[in-house]
Amino acid sequence: MYLQKIKPFLYLGGFYLLLSLIIRVIFFFHPITTASFGVFEILKVLLLGMVNDVFVFIAASSFLVLYFLFLSNSKYKNPYGHIILGILVLLFLYILLVPNNIFRQYGGPVTKIALTFVGIKAFFFGLMLFLPTKRIKIRNVLYCIIISLYVLAIVFNAVSEYFFYNEFGVRYNFIAVDYLIYTNEVIGNIMESYPVAPLFIAIFIVTAGVTWFIYKKTKDELLTLPNLKQKFGLLSMYIVSVGIGLVILPATEQIKSSNVFANEIQANGIPKFYWAFTHNELDYFQFYSQIDQKQAEKNFLSQYPQHSLTRNIISEQPELKKNVVLISIESLSADFMEHYGNTQKVTPFLDSLANQSLMFTNLYATGNRTVRGLEALTLCIPPTAGESIIKRDDNKNKFTTGSVFRSKGYDVKFLYGGYSYFDNMEDFFVGNGYDIVDRSSFKPEEITFANVWGVADEDMAKKAIQVMNKEAKSGKPFFNHWMTVSNHRPFTYPDGRIDIPGNAKSRDGGVKYTDYSIRKFFEMAKKQDWYKNTVFVIIADHCASSAGKTELPMDKYRIPAMIFSEGFIQPQKFDQLMSQIDVMPTLFGMLNFNYKSKFLGQDVFKPEFQPKAYIATYQDLGLIKDNHLTIISPVKKAKQYALLPEKNTLSPEFNIHYDEKLLKTPEQKLVNDAISAYQSTSYWLKTKQLNR
């Protein structure tokens, strides 16, 4: 009897396991999966993945369990049916009419969801109460709808997981949580990037077909409903299964491979999404290894001459109040440039400009999101666990590059081709004293092309020239931070600019068009009076992809960076290891600025500079130093890799590929250095010591 009654769960679960298996096989052969797998590892991934899927499905079946639990004919008998209907109607009126009811107190869409659910429940309960001869038909219709919703959720999740992996090379993480917040941009991106109509038709056909199959196979179970004793037995079985799952799922999570791709393919995206959703900010002091706080600060601050967080930066030369334009380029990996071995010639202008600039050849981004790059260039501090500071509530009144420029009498602006509310950028930059120029600043006639992410980079280039001309007329120096947008999926841009059509939607096209737009910007800038008194800093925000064989693949954090100023900066290459957070302190040193600093990056031309770089995901925090990569991660784990450069024809300073060899015994000094850096930064943020 019990086996018959759980047939709907068996069919739905079987479909879910089949689809999950297909997705895993696709991931194994996906081009982004740049790793090889042995037969044993493949079997382990598939077996543990299936175990994960079984218990995730059991947990996700809770709503279906509740549906079957409350299926009953006895509840429609007098007086119970009328009492239940009365309660449902009163609850509906309570939600609808009482101003400060419990649902409204939660805010957001909770009230609408509760009102809709109770309203539908009351409506169908009333139909089944007053139309007893139609009760079975109505129940069958409701059952079919519920099965279709489950099937749709399974299919939609599988499609979503595929496209998420296709973009990022991982299962759901914090980025997926962000995508729930910025739905307009995300839906627009999907609409412009993929063949949405055929995709949704296919989803509908699969959902309808599978729903009808399961319905036909299981609908007879609605004719003989289990009694109370049988329901109790079935519910007990379900509760035991959930309990086993709560033990086994965390256990399988601990069975990890040194191959990060294997871990991602083995995982189930739903628990990873839940974890990211509930750990938006990771408390360093709860999840990471620690040493004594005073010792951590002493270790970290020993790299600075004054051995203190707040330091007086004094120059022996007169200050140079030159204009500064900081261009952070969306998703420009180092390996897009010919200098780093690319043969597609997608950055002809940037490659030529690098030869006329101070080029930092061995520089690493702190993270793999735009907000991480903006954080590094604005706050000049190592990344911290969880969300970027830009997206946190406590993101205002920080010590920033903008605050240094403002103290010197500069106009300070942030320029962005999209709407700056995205990723909380407007809140952060306005809260730190920047003026904003974004898509809302454009007149319709100023936009020649736009997609969901914003106006084309060449349109922002023209706008930037207008803004800078106006600033120059005011007699004040200016600092403008321009964040580009065009090198972002769907990679659309106006036709006729480059030799890759704008509708090709190719990554190379996005890179080459951004390169074209920056060239147009410089062509216009050279005609302006302020040009020769301006320093241009050009750097990527992060790489195009972060997927790799290890938690923090070195090549996925290597970015190009250069400082150009005609007649002021002589062309040269700086080949020592450095971080994105070192760029702006180095610029201030070149301008001979005197200021009180709380930056944790260093001027790379000072004798006390220590070559190192910080790279991180939302939870893995890395320190590159002394040819080692040290990673600390939850819960209180540490591992270390020896970095062995791969052999190729490139000169050493442009070699971005390393063999990351896991060490059985980490070098403790480097582990302590990593802990000191991240623990100190987290503590100073928590205690607001990095505020102005």
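For the sequence shown, the residue numbers in my numbering are 96 to 787. C-beta atoms are modelled at their ideal positions from N, C-alpha and C, and glycine is treated no differently.
Buried or exposed: which applies to Gly133, given that a residue is buried once 16 or more other Cβ atoms fall within 10 Å of its Cβ? Gly133 should be labelled exposed.
Pick out the complete alpha helix (DSSP H) segments inside the segment 106-193, 4 residues or longer, and give them in chain order. Fully contained in the segment 106-193 are the following alpha helix (DSSP H) runs of length 4 or more, in chain order: 134-155, 157-164 and 175-192.
Please classify Pro539 as buried or exposed, where buried requires at least 16 neighbouring CB atoms within 10 angstroms. Label assigned to Pro539: exposed.
Would you mind working out which of Thr442, Glu425 and Ile422 sits nearest Phe431, comparing C-alpha positions? Closest by alpha carbon: Thr442.
Pro589 to Leu472, Cα distance in whole Å? Rounded to the nearest angstrom, the two C-alpha atoms are 30 Å apart.
Tell me whether the segment 462-469 and the segment 754-763 touch, counting them as touching only if at least three CB pairs, one residue from each stretch, are closer than 8 Å. At 8 Å Cβ cutoff, the stretches do not touch.
Does the pairing of the segment 476-486 with the segment 514-522 give three or more beta-carbon distances under 8 Å? These segments touch.
What residue does the beta strand (DSSP E) around Ser728 start on, and which one ends it? Run containing Ser728: His723 to Ser728, per the beta strand (DSSP E) assignment.
Below 8 Å, how does it come out for the segment 417-428 and the segment 695-708: are there three or more Cβ pairs, yes or no? At 8 Å Cβ cutoff, the stretches do not touch.
Using the Cα positions of Pro680 and Ala357, report the straight-line distance between them to the nearest angstrom. Separation of Pro680 and Ala357 (C-alpha to C-alpha, rounded to the nearest whole angstrom) is 40 Å.
Once DSSP output is grouped into helix, strand and coil, what is the label at Val246? In the three-state reduction of the DSSP assignment, Val246 falls in the helix class, which pools H, G and I.
Three-state secondary structure (DSSP) of Ser502: Helix at Ser502.
Given that a residue counts as buried once 16 or more other Cβ atoms are within 10 Å of its Cβ, and exposed if not, what is Asn173? Asn173 is exposed by the Cβ-count criterion.
Collapsed DSSP secondary structure at Ala460 in the structure displayed: Ala460: coil per DSSP, three-state reduction.
Does DSSP put Phe669 in a helix, a strand or coil? Phe669 carries a strand assignment under DSSP once its states are collapsed to helix, strand and coil.
May I ask you to verify whether the segment 374-394 touches the segment 593-601, counting CB pairs closer than 8 Å and requiring at least 3? No, because fewer than three Cβ pairs between the segment 374-394 and the segment 593-601 fall closer than 8 Å, the two stretches do not touch.
What residue range does the beta strand (DSSP E) around Ser692 cover? Per DSSP, the unbroken beta strand (DSSP E) holding Ser692 starts and ends at Tyr690 to Ser692.
Would you list, in sequence order, the uninterrupted alpha helix (DSSP H) runs of no fewer than 4 residues that lie entirely inside the segment 385-443? If one requires a minimum length of 4 residues, the alpha helix (DSSP H) runs lying completely within the segment 385-443 are 388-396, in chain order.
So, helix, strand or coil for Thr579, using DSSP? Thr579 falls in the coil class under three-state DSSP.
How long is the line joining the alpha carbons of Gly591 and Glu646, rounded to whole angstroms? C-alpha separation (whole angstroms): 40 Å.
Determine, using beta carbons only, whether Ala429 and Met657 come nearer to each other than 8 Å. No, the pair does not count as a contact, with Cβ atoms beyond the cut-off.
Measure from the alpha carbon of Ser352 to the alpha carbon of each residue in Ser728, Val140 and Ser384, then state which is nearest. Nearest C-alpha to Ser352: Val140.
Neighbourhood of Pro666 by C-beta, 7 Å cutoff - its chain only, sequence neighbours within 5 removed: Take Pro666, set aside five residues on each side of it, and the residues of its chain with a beta-carbon closer than 7 Å to its own are Asn450, Gln451 and Ser452, in chain order.
Leu188 to Ile231 span [Cα, whole Å]: Between Leu188 and Ile231, the C-alpha separation is close to 28 Å.
At what residues does the alpha helix (DSSP H) containing Gly684 begin and finish? Val678 to Met685 is the extent of the alpha helix (DSSP H) around Gly684.
Figure out for me which residue from Ile634, Asn394, Phe444 and Val355 has the closest Cα to the Cα of Trp577. The shortest Cα separation from Trp577 among Ile634, Asn394, Phe444 and Val355 belongs to Ile634.
Excluding the five sequence neighbours on either side, which residues of its own chain have a C-beta within less than 6 Å of the C-beta of Ile360, listed in chain order? Once the five neighbours on either side are set aside, the close Cβ partners of Ile360 are Arg119, Phe122 and Val140.
Where do the N-terminal and C-terminal ends of the alpha helix (DSSP H) with Met563 fall, by residue? Element bounds for Met563: Asp552 to Lys568.
Supposed contact pair Ile476 and Leu785 - C-beta distance, whole angstroms, cut 8 Å: At roughly 7 Å, the Cβ-Cβ gap stays under 8 Å, so Leu785 and Ile476 are in contact.
Please confirm whether Tyr736 and Leu745 have their CB atoms less than 8 Å apart. Leu745 sits away from Tyr736, with the two beta carbons spaced by 8 Å or more.
Mapping the DSSP letters down to three states, classify Glu762 as helix, strand or coil. Coil.
Could you check which residue in Asp768, Leu780 and Lys783 has the C-alpha nearest to that of Leu396? Considering only alpha carbons, the answer is Asp768.
Out of curiosity, what's the CA-to-CA distance linking Asp594 and Arg653? If you take the alpha carbons of Asp594 and Arg653, they lie about 27 Å apart.
Among the residues of its own chain, which have a CB less than 7 Å from the CB of Thr206, if the five just before and after it don't count? For Thr206, the CB contacts under 7 Å within the same chain, skipping 5 residues up- and downstream, are Ile190, Phe198 and Arg199 in chain order.
Complete runs of the alpha helix (DSSP H) confined to the segment 345-385 [at least 4 residues]: Within the segment 345-385, the complete alpha helix (DSSP H) runs of at least 4 residues are 355-361, 364-373 and 379-382.
Judging by CA-CA distance, which residue of Ile309, Glu262 and Ile285 is the nearest neighbour of Ile240? It is Ile309.
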